[in-house]
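In what follows, a structure is listed as structure tokens, so that the remarks can point back to it.
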Amino acid sequence: MKHFYLFIFVALFSQCASPKSAIEKKKIQRAEALLNIKITPSLTPKKEVSILMNDPSVSQQWGIAKTGLTQAWKISQGSRNIKVAVIDTGIDTSHEDLKDNLWVNKGETGRDRMGRDKQTNGIDDDKNGFVDDVHGWNFVGNNNDLTDNHKHGTHVAGIIGAKGGNSKGIVGASPNVSLMVLKYYDPKVPGTDHLSNTVKAIHYAVDQGAQIINYSGGGLEYSQAEKDAIIKAQKKGILFVAAAGNERSNSDTAKYYPASYDLDNIISVTAIDPSLKILASSNYGAETVDIAAPGHQIISTVPGSKYGKMTGTSQATPWVSGVAALLMSIKTDFNYKTIAKHIMMTGDLLPTLGGKTAFRRKLNSYKALSIIDSGVGVTGVVTTNTQDLKLFGPQNTNTSFGLSSLSQSLKKL
Ligand SMILES: [Ca+2]
Ligand SMILES: [Ca+2]
Ligand SMILES: [Ca+2]
Numbered sequence: 345m346k347h348f349y350l351f352i353f354v355a356l357f358s359q360c361a362s363p364k365s366a367i368e369k370k371k372i373q374r375a376e377a378l379l380n381i382k383i384t385p386s387l388t389p390k391k392e393v394s395i396l397m398n399d400p401s402v403s404q405q406w407g408i409a410k411t412g413l414t415q416a417w418k419i420s421q422g423s424r425n426i427k428v429a430v431i432d433t434g435i436d437t438s439h440e441d442l443k444d445n446l447w448v449n450k451g452e453t454g455r456d457r458m459g460r461d462k463q464t465n466g467i468d469d470d471k472n473g474f475v476d477d478v479h480g481w482n483f484v485g486n487n488n489d490l491t492d493n494h495k496h497g498t499h500v501a502g503i504i505g506a507k508g509g510n511s512k513g514i515v516g517a518s519p520n521v522s523l524m525v526l527k528y529y530d531p532k533v534p535g536t537d538h539l540s541n542t543v544k545a546i547h548y549a550v551d552q553g554a555q556i557i558n559y560s561g562g563g564l565e566y567s568q569a570e571k572d573a574i575i576k577a578q579k580k581g582i583l584f585v586a587a588a589g590n591e592r593s594n595s596d597t598a599k600y601y602p603a604s605y606d607l608d609n610i611i612s613v614t615a616i617d618p619s620l621k622i623l624a625s626s627n628y629g630a631e632t633v634d635i636a637a638p639g640h641q642i643i644s645t646v647p648g649s650k651y652g653k654m655t656g657t658s659q660a661t662p663w664v665s666g667v668a669a670l671l672m673s674i675k676t677d678f679n680y681k682t683i684a685k686h687i688m689m690t691g692d693l694l695p696t697l698g699g700k701t702a703f704r705r706k707l708n709s710y711k712a713l714s715i716i717d718s719g720v721g722v723t724g725v726v727t728t729n730t731q732d733l734k735l736f737g738p739q740n741t742n743t744s745f746g747l748s749s750l751s752q753s754l755k756k757l
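If you read the sequence shown in this note's numbering, its first letter stands for residue 345, the second for the next number, and so on.
Laid out in structure tokens, this is it:
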């Protein structure tokens, strides 16, 4: 009998995220009495997965099926409470499929004492050192203009968190999320220090409470300041998801930063094609590259409310960030180590990844969301495929991440 009511009310609450009317409140109270539990309506209601999949270009998103996202979305479709910092080339903040998933700095919204809009009053209302930083900051121009003159940042952002089920464009790995826009590079502004901008952006993300940082970039130059910033993130429990790079090289010997810093809050991501082979252009490493994700001809958002395809580890990285966001949305007592372990160890074992990644696995979002150590899911569901858990642990027990590099190469996308 209880199951019957549960079914009824689960259906009810999936449509009522923020119950407003007295009738709705009464229904919740009745349900709670019948079930003898306290019901907390989700802040972000789950849509039927079939509705998510109605976004017109979703059929071109081959990465959804290959990473188990349609199954994962039955468990979670993400939450606006999860903040993912996208350190990149900016984002088209008016893009039809991104504008509803942007992070909003509440300290820079509403009216000031003079009645002016805090977003545009030219005052640092929250006194964090940045004027009118509503959605993030531009570290190239040191202003709040987040315009993406490259397309890269807008593309990466859509893979993480394009709005799902809005009948527009595509669906991000986390259909609901808050994207914090941190711009470190602009092709129209030559001569800026990418590395220094990156370091400032990481500090901003940490100080503003991002839970995940996506970095679809990097270079061959080791930077103590950059590493120290990521250590600061680590101390705050922040996951740092970084591209393995597109140098065609073995990162075990030719380090690529920030992916190759020896920090346990970094997940280094390489790219695979639809046949699940690592791209020829992608960096790899049996010790230093953690997991593989879709990175070939990935369709996503580009400026002007348009969509386009891009290829590389830059495109693989945001799938992992999006799945981390899904995981954090249901596992609120998260710890970055647990999140990283789930993502890295629950992926599908692939022979083709032998010698290429530390755990020989490709991202599987459904298993990441449903498996915990005992084989019992976070949601209480026992998943069917838990044998892989016996293989927990790295392929090579000596998985120290490399320390030194001498190259002076500029950071590049
Ligand atoms: Ca501010
Ligand atoms: Ca302001
Ligand atoms: Ca959409």
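The beta-carbon is built from N, C-alpha and C at its ideal position, and this holds for glycine as well.
**Q.** CA-to-CA distance, residue 526 to residue 579, given in whole angstroms
**A.** 20 Å
Q. For ligand 1, which residues have a Cβ under 5 Å from at least one heavy atom, in chain order?
A. 468, 470, 472, 474, 477
Q.
Quick check for students: name the residue ranges of the beta strand (DSSP E) that lie wholly in the region 538-583, counting only runs of 3 or more.
A. 556-559
**Q.** Host alpha helix (DSSP H) of residue 521 (start-end)
**A.** Counting along the chain, residue 521 falls outside any alpha helix (DSSP H), though it belongs to the beta strand (DSSP E) covering 520-527.
(Q) Just to confirm, is the Cβ distance from residue 478 to residue 510 under 8 Å? (A) no
Q) Which residues mark the beginning and the end of the alpha helix (DSSP H) in which residue 410 is found? A) 406-410
Q.
ligand 2 and residue 463: does the residue's C-beta get closer than 7 Å to at least one heavy atom of that ligand?
A. yes
**Q.** Segment contact, 8 Å Cβ cut-off, at least three pairs: the region 660-671 with the region 601-616
**A.** yes
Q.
Applying the 10 Å Cβ sphere with the 16-neighbour rule, what's the burial state of residue 627?
A. buried
**Q.** N- and C-terminal bounds of the alpha helix (DSSP H) containing residue 663
**A.** 657-674
Q: With DSSP as the reference, please indicate the residues paired to residue 651 in a beta bridge.
A: 645
Q) Does the beta carbon of residue 565 fall short of 7 Å from some heavy atom of ligand 2? A) no
Q.
Taking 7 Å as the cut-off, is the C-beta of residue 570 nearer than that to any heavy atom in ligand 2?
A. no
Q. What is the C-beta distance between residue 407 and residue 518, in whole angstroms, given that I count them as a contact (C-beta under 8 Å)?
A. Contact flag wrong, Cβ pair sits at about 13 Å.
Q. So is residue 618 buried or exposed if we call it buried at 16+ other beta carbons inside 10 Å?
A. exposed
Q | Nearest-angstrom beta carbon gap, residue 514 and residue 572 [assumed within contact, 8 Å] | A | With a Cβ gap of about 36 Å, residue 572 and residue 514 do not count as contacting.
(Q) Closer than 8 Å is the cut-off here; do at least three beta carbon pairs connect the region 469-483 with the region 676-685? (A) no
Q) Does the Cβ of residue 642 lie closer than 7 Å to at least one heavy atom of ligand 3? A) no
Q. Is the region 420-440 in contact with the region 542-560, if contact means three or more CB pairs nearer than 8 Å?
A. yes
Q | Top-ranked residue by Cα proximity to residue 437, from 507, 470, 469 | A | 507
Q. Three or more C-beta pairs closer than 8 Å, one from the region 463-475 and one from the region 406-424: is that the case here?
A. no
Q. What are the residues that DSSP puts in a beta bridge with residue 610?
A. 584
Q: Report the rounded CA-to-CA distance for residue 648 versus residue 492, giving the unit in angstroms.
A: 10 Å
**Q.** Test item: CB-CB of residue 393 and residue 411 under 8 Å
**A.** no
(Q) So the candidates are 530, 497, 706, 516; which of them puts its Cα closest to the Cα of residue 397? (A) 516
Q | Secondary structure of residue 717, DSSP reduced to three states | A | Because the pLDDT of residue 717 is 44, which lies under 50, any placement of that residue in the model is unreliable, and the number read from its coordinates should be weighed accordingly. Residue 717 falls in the coil class under three-state DSSP.
Q: When you get a sec, list the residues whose CB is within less than 6 Å of any heavy atom of ligand 3, chain order please.
A: 399, 441, 506, 507, 508, 510, 512, 513, 514, 515
Q: Below 8 Å on the Cβ atoms is my guess for residue 636 versus residue 583; work out the distance and round it to an integer in Å.
A: In fact, because the Cβ distance is near 18 Å, the residues do not count as touching under 8 Å.
Q.
Restricting to Cα atoms, I'd like to know which of 630, 620, 605 is closest to residue 594.
A. 630
Q. Exposed or buried, residue 522, counting other C-beta atoms within 10 Å across all chains shown (16 or more means buried)?
A. buried
Q) For residue 536, which residues of its own chain have a beta-carbon under 6 Å away from its beta-carbon, when the five flanking residues on both sides are left out? A) 484
Q: Evaluate residue 704 with the Cβ neighbour count: other Cβ atoms within 10 Å of its Cβ, from every protein chain shown; 16 or more gives buried, anything less gives exposed.
A: buried
Q) Under the criterion of a Cβ to heavy atom distance below 7 Å, does residue 344 qualify as lining ligand 2? A) No information on residue 344 is available, as it lies outside the stretch 345 to 757 that the chain covers here.
Q. Exposed or buried, what is residue 533 when buried is set at 16 or more other beta-carbons lying within 10 Å of its beta-carbon?
A. exposed
Q: Just the C-alpha distance for residue 597 and residue 565, rounded to the nearest angstrom, thanks.
A: 14 Å
**Q.** For residue 575 and residue 607, the rounded distance between their alpha carbons
**A.** 7 Å
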